[in-house]
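K.L.:
Residue numbers (mature numbering (1 follows the signal peptide of the UniProt record, and there is no 0)): -20 to -1, 1 to 41.
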């Protein structure tokens, strides 16, 4: 039997899993969140929100 379709399917699942775990620039993975430091002006990067409890900007998914 030809199981090449199964190999392609498994590789596609692995690729999706790896790409889903990465954070967009300039964010870095911190536990289960993507975080970034605030700039000197005190603004967070686009699509993120400041969380005072951890003093970081957290990416909004």
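Ideal Cβ placement from N, Cα and C applies to all residues, glycine included.
Return the CA-CA distance between residue -19 and residue 2, expressed in angstroms with no decimal places.
P.N.:
Translated into the one-based positions of the chain shown, residue -19 becomes position 2. Translated into the one-based positions of the chain shown, residue 2 becomes position 22. Near 33 Å, if we compare the C-alpha coordinates of residue 2 and residue -19.
K.L.:
Can you list, in chain order, the residues of its chain with a C-beta nearer than 8 Å to that of residue 8? Leave out the 5 residues immediately preceding and following it.
P.N.:
Along the chain shown, read from residue 1 onward, the residue named residue 8 stands at position 28. Here the set comprises 14, 15 and 16.
K.L.:
In the structure shown, what three-state DSSP assignment does residue 2 receive?
P.N.:
Along the chain shown, read from residue 1 onward, the residue named residue 2 stands at position 22. Note: residue 2 maps to coil in three-state DSSP.
K.L.:
So, is the C-beta of residue 18 closer than 8 Å to a C-beta in chain D?
P.N.:
Of the protein chains in the structure, only one exists, and it is not chain D.
K.L.:
Which one or two residues does DSSP pair with residue 15 in a beta bridge?
P.N.:
Here residue 15 refers to the residue found at position 35 when the chain shown is read from its first residue. 8 and 38.
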